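*Asks:* Please find one structure pasted underneath; my questions will follow.
Residue numbers (the working numbering): 26 to 222.
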């Protein structure tokens, strides 16, 4: 996950699974849209999180109160997910669609923050799913205990069989960094969607 504080035009030249965009003072909205376009081209999950105190749009300066900066960013409706088709397919599975975040999971995410949750996802995937022959494959992901575990079951990223079935990632080979980033992006996307419900 990469959190960008946008105070000038930025070219994305790094490898990441998620970009969260926060506008710094005097950010031009066109810069945010340009970052979003770059994310679309690179299939990177993009979230516009906060407008900042002043935002320039179409040459006009908008002063946005602190308590409205997050809601105004959401109102722009420019978030991008390359996983929409996947989530439609998952929604047709009775088992996958039975998972949801409980209050304690939501509280945990709020207390730890998105960067920590993303790091946990990367750590779990690297240790439990990335090896060609994971220990106890098919049973390595608990059904509870961490929001990432719930997300793995909900998204079919819980074991190598499910990973093959839902994401067409071959079994019996070590996962590449790119594949691990993709899996974490899917997990984080599911968590973001759950937190917005």
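Don't be surprised by glycine CBs; every beta carbon is placed ideally from N, CA and C. It should be emphasised that the depicted structure is a prediction, and the values quoted were computed from it without experimental measurement.
Confirm, please, whether the CB-CB distance from residue 37 to residue 60 is below 8 Å.
*Replies:* Locating residue 60 in the chain shown gives position 35, where the first residue counts as 1. Locating residue 37 in the chain shown gives position 12, where the first residue counts as 1. Their beta carbons are under 8 Å apart, which means residue 60 touches residue 37 by this criterion.
*Asks:* May I ask you to report which of helix, strand or coil DSSP gives residue 79?
*Replies:* For the purposes of this step, residue 79 is identified with residue 54 of the chain shown, where counting begins at 1. Strand at residue 79.
*Asks:* List the residues that DSSP assigns as beta-bridge partners of residue 110.
*Replies:* Indexing the chain shown from 1 puts residue 110 at position 85. Per DSSP, none; premise fails for residue 110.
*Asks:* Can the beta-carbon of residue 158 be found closer than 8 Å to that of residue 221?
*Replies:* Counting from one through the chain shown, the residue named residue 158 turns up at place 133. Counting from one through the chain shown, the residue named residue 221 turns up at place 196. For residue 158 and residue 221, no; Cβs fall outside 8 Å.
*Asks:* Of the choices 129, 40, 63 and 170, whose alpha-carbon is the least far from that of residue 149?
*Replies:* As a first step, residue 149 is located in the chain shown; it is residue number 124 there, counting from the start. Nearest C-alpha to residue 149: 170.
*Asks:* So is residue 91 buried or exposed if we call it buried at 16+ other beta carbons inside 10 Å?
*Replies:* Residue mapping note: residue 91 aligns to position 66 of the chain shown, counting from 1. Flag for residue 91 reads exposed.
*Asks:* With a cut-off of 8 Å on the beta carbons, I'd call residue 77 and residue 48 a contact; round off their distance for me.
*Replies:* Indexing the chain shown from 1 puts residue 77 at position 52. Indexing the chain shown from 1 puts residue 48 at position 23. Indeed, because the Cβ distance is near 4 Å, the residues count as touching under 8 Å.
*Asks:* Using DSSP with H/G/I as helix, E/B as strand and the rest coil, what is residue 192?
*Replies:* For the purposes of this step, residue 192 is taken as the residue at position 167 of the chain shown. Helix at residue 192.
*Asks:* Nearest to residue 180 by CA position, among 210, 160 and 195, is which residue?
*Replies:* Here residue 180 corresponds to residue number 155 of the chain shown, with the count starting at 1. Among 210, 160 and 195, the Cα nearest to that of residue 180 belongs to 210.
*Asks:* When you compare each of 86, 163 and 108 to residue 71 by their alpha carbons, which one comes out closest?
*Replies:* Position 46 of the chain shown holds residue 71. Nearest to residue 71 by C-alpha distance, out of 86, 163 and 108, is 108.
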